[in-house]
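Residues in the sequence shown are numbered from 46 upward in steps of one, following the working numbering. Beta carbons are placed, not taken as given, at the ideal position from N, Cα and C, and that holds for glycine. Please read these numbers as outputs of a predicted model, since none were measured by experiment.
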Amino acid sequence: MSSALTFPFDAPPPPGATREVAPGVHWLRMPLPFALDHINLWLVEGAPGWTLIDTGLGDPATRALWERHFERALAGRPLERIVVTHYHPDHAGNAAWLASRCGVDVHMTMAEFLTGHAIHAQSSGYALADTVALFRSHGVDDEHLAALGARGNAYRRGVPELPRRFARIYAGERLRVGALEARVIAGYGHSPEHAALHAAAHDVLVSGDMLLPRISTNVSVWPAEALADPLARFLGSLDAFAALPERTLVLPSHGLPFRGIAARVAALHEHHAARLAELEEAIAGAGAPVSAADVVPLLFRRELDMQQRFFAIGEAIAHLNHLAAAGRVMRAMAPDGTVRFATN
Ligand SMILES: [Zn+2]
Numbered sequence: 046m047s048s049a050l051t052f053p054f055d056a057p058p059p060p061g062a063t064r065e066v067a068p069g070v071h072w073l074r075m076p077l078p079f080a081l082d083h084i085n086l087w088l089v090e091g092a093p094g095w096t097l098i099d100t101g102l103g104d105p106a107t108r109a110l111w112e113r114h115f116e117r118a119l120a121g122r123p124l125e126r127i128v129v130t131h132y133h134p135d136h137a138g139n140a141a142w143l144a145s146r147c148g149v150d151v152h153m154t155m156a157e158f159l160t161g162h163a164i165h166a167q168s169s170g171y172a173l174a175d176t177v178a179l180f181r182s183h184g185v186d187d188e189h190l191a192a193l194g195a196r197g198n199a200y201r202r203g204v205p206e207l208p209r210r211f212a213r214i215y216a217g218e219r220l221r222v223g224a225l226e227a228r229v230i231a232g233y234g235h236s237p238e239h240a241a242l243h244a245a246a247h248d249v250l251v252s253g254d255m256l257l258p259r260i261s262t263n264v265s266v267w268p269a270e271a272l273a274d275p276l277a278r279f280l281g282s283l284d285a286f287a288a289l290p291e292r293t294l295v296l297p298s299h300g301l302p303f304r305g306i307a308a309r310v311a312a313l314h315e316h317h318a319a320r321l322a323e324l325e326e327a328i329a330g331a332g333a334p335v336s337a338a339d340v341v342p343l344l345f346r347r348e349l350d351m352q353q354r355f356f357a358i359g360e361a362i363a364h365l366n367h368l369a370a371a372g373r374v375m376r377a378m379a380p381d382g383t384v385r386f387a388t389n
C-alpha cells in the first residue's frame, strides 16, 4: 500500500541546516543514538518569531546542533513558542532547556505533561520497577528483566529536565503556529494524549508519531494501565487523519514528508489486522496457553537490540490485550503467576 504514497522531498536537510517544505514551514533533522536514527522537527515562521514543534533528544549532540540553528535559521528572529506533540524523549528532550533559554512557554496536552513528569520522577505506576514487574508477569525471563532494570531511568537520560509549567492545549482547539492556524488532533495508543497539528488552509499535517510513512507506530501497554487496549485507541485515532484531504502534506517525526494519508491509514489497519490474525492462529495452535514473551518472536521476526526488545514486549501485550478485549482469546493467570492467553 505504501507505493500509493508520494514523497515530494527526496532527502532531509543536512545536520544544522533547514529545508522549507511548505510556505513558512521549515524542516530540521536531529540525530538519535538508537535504531530509529533521527527525528524531524518543524520551525514555523510567524511574526515576530518562530514556533518550534518538538525539540529533539536532550543530549549533547542535539544541543550542539541547536547552537548551529540559533546562529543560522533562527538568526534575527526570536523563538516565540514551543509545541511538544508528546512526552517521549526525542520530542520533549530539549523543551525545558529551549524554553528557559528563550523565555517561552511549552504548549502540550495535560496527559503528556503529567506522564512525562511521572516517568521522570519514577512515580507510582510509572517507575522502572513497575515495568519490570509487568514484564515479569508476562513471562519475560530473569536475564532480560535484569538487563532492563540495569538501564535505570532511561527517560531522564533523554530528558534531563522537563518544563515545570506548561500552556495546556486541548483536542479540537485552534492554535496559532507561527503564521498558520492549526487544529489540534488528539491521538491515543502511542502516548496518552498525543497532539498532531492540522493547518487546513495550508494543507499541512504535523503528524508527530501517530502517522509515519514507513514504520508502524509503537503501540504498547505500560504498567499504570496494564489491562488497557491501546491498539483499539490507536486504530480509532487514525480515523481523524483518514478524514483529511488527500492533498494534505504529512510531516512525520520519522522518515520523509509524504502525501497519501488514506493509503497509509489503510495500510496500518491491514498491518495490525494481519498481525492479530496471525497471533490468534498461533495461540490456537500452541496447544497450551502462551505468554506475551512467547509471542514476541512471532510478531518480530528479526534480531532485536535491548531497546527494541523492551518495546516489543509492550507491543506484544498490546496485541494480546486487544484480542482479549475483542473476545478472540481468553486471559488467564497461570499457577506460576504468569499472564497467559488461550483461545476459547
Ligand atoms: Zn513517540
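Quick check: the Cα distance between residue 77 and residue 264, rounded to an integer number of angstroms? Cα to Cα, the separation comes out at about 20 Å.
What are the start and end residues of the alpha helix (DSSP H) that includes residue 181? Residues 173-182.
Limits of the beta strand (DSSP E) - the one that residue 252 falls within: In this chain, the beta strand (DSSP E) harbouring residue 252 covers 249-253.
Grab me the residues of residue 58's own chain with a C-beta within less than 7 Å of its C-beta, minus the 5 sequence neighbours each way, in chain order. If we look at residue 58 and ignore the five residues flanking it on each side, its Cβ neighbours are 64, 72, 73, 74.
CB-CB length for residue 89 against residue 103, believed under 8 Å: With 8 Å as the limit, residue 89 and residue 103 do not qualify as a contact, their Cβ atoms being about 22 Å apart.
DSSP three-state label for residue 47, please. For residue 47, the predicted model reports a pLDDT of 45, less than 50, meaning its position is unreliable; a value from the coordinates is still stated below. Taken through DSSP and simplified to helix, strand or coil, residue 47 comes out as helix.
When you compare the CB positions of residue 225 and residue 247, do they come within less than 8 Å of one another, or not? The answer is yes: Cβ separation under 8 Å.
Starting from residue 230, trace the beta strand (DSSP E) both ways and give me its first and last residue. Per DSSP, residue 230 is one residue of the beta strand (DSSP E) stretching across 225-232.
Cβ-based neighbour list, residue 274, same chain, cut-off 7 Å, excluding 5 preceding and 5 following: Counting only Cβ-Cβ distances below 7 Å, and skipping sequence neighbours, we find 366, 367, 370.
Less than 7 Å separating the Cβ of residue 350 from some heavy atom of ligand 1? No; taking the cut-off as 7 Å, the Cβ of residue 350 has no heavy atom of ligand 1 nearer than that.
So, are the CB atoms of residue 66 and residue 302 less than 8 Å apart? Using a Cβ distance threshold of 8 Å, residue 66 and residue 302 count as a contacting pair.
Other residues of its chain near residue 122: CB distance less than 8 Å, five sequence neighbours each side excluded: The residues are 90, 93, 94, 95.
CB-CB length for residue 127 against residue 143, believed under 8 Å: Distance from residue 127 to residue 143 at the Cβ level is roughly 6 Å; contact confirmed, criterion being Cβ atoms closer than 8 Å.
Rounded to whole angstroms, what is the Cα-Cα separation between residue 115 and residue 231? Taking the Cα positions, residue 115 is about 30 Å away from residue 231.
According to the neighbour-count rule (16 or more other Cβ atoms, all chains shown, within 10 Å of its Cβ), is residue 136 buried or exposed? Answer is buried; the Cβ neighbour count reaches 16.
Which first and last residues belong to the beta strand (DSSP E) in which residue 273 is found? In the DSSP assignment, residue 273 falls outside any beta strand (DSSP E) and carries neither an H nor an E.
Taking 7 Å as the line, does the beta carbon of residue 236 fall inside it for any heavy atom of ligand 1? Between ligand 1 and the CB of residue 236, the shortest heavy atom gap is smaller than 7 Å.
Buried versus exposed call for residue 13 [16 or more other C-beta atoms within 10 Å across all chains shown]: Here the chain has residues from 46 to 389 only, and residue 13 is not among them.
Just tell me which of 236, 272, 295 has its CA closest to the CA of residue 17. Because the chain is modelled from 46 through 389, residue 17 falls outside the range shown and cannot be assessed.
Distance check for residue 193 and residue 355, CA to CA, integer angstroms please. Their backbone Cα atoms lie some 7 Å apart in a straight line.
Are the CB atoms of residue 287 and residue 184 within a distance shorter than 8 Å? Not in contact: residue 184 and residue 287 (Cβ atoms no closer than 8 Å).
Determine contact between the stretch 145-164 and the stretch 339-356, defined as no fewer than three beta-carbon pairs at a distance below 8 Å. Output reads no: the stretch 339-356 does not touch the stretch 145-164.
Does the beta carbon of residue 82 fall short of 7 Å from some heavy atom of ligand 1? The answer is no for residue 82.
Taking residue 242 as part of the beta strand (DSSP E), name the residues at either end of that continuous run. Segment 239-244, the beta strand (DSSP E) holding residue 242.
Report yes if the C-beta of residue 254 is less than 7 Å from at least one heavy atom of ligand 1; otherwise report no. In this structure, residue 254 has its beta carbon less than 7 Å from a heavy atom of ligand 1.
DSSP state of residue 86, grouped into three classes? Note: residue 86 maps to strand in three-state DSSP.
Please report the straight-line C-alpha distance between residue 187 and residue 49, rounded to a whole angstrom. Taken atom to atom, the span from the alpha-carbon of residue 187 to that of residue 49 is near 44 Å.
If you run the structure through DSSP and keep just helix, strand and coil, what is residue 195? Residue state, collapsed to three classes: helix.
Which runs of the beta strand (DSSP E), 3 residues or longer, sit entirely within the stretch 47-73? As far as the stretch 47-73 is concerned, its whole beta strand (DSSP E) runs of at least 3 residues are 64-67.
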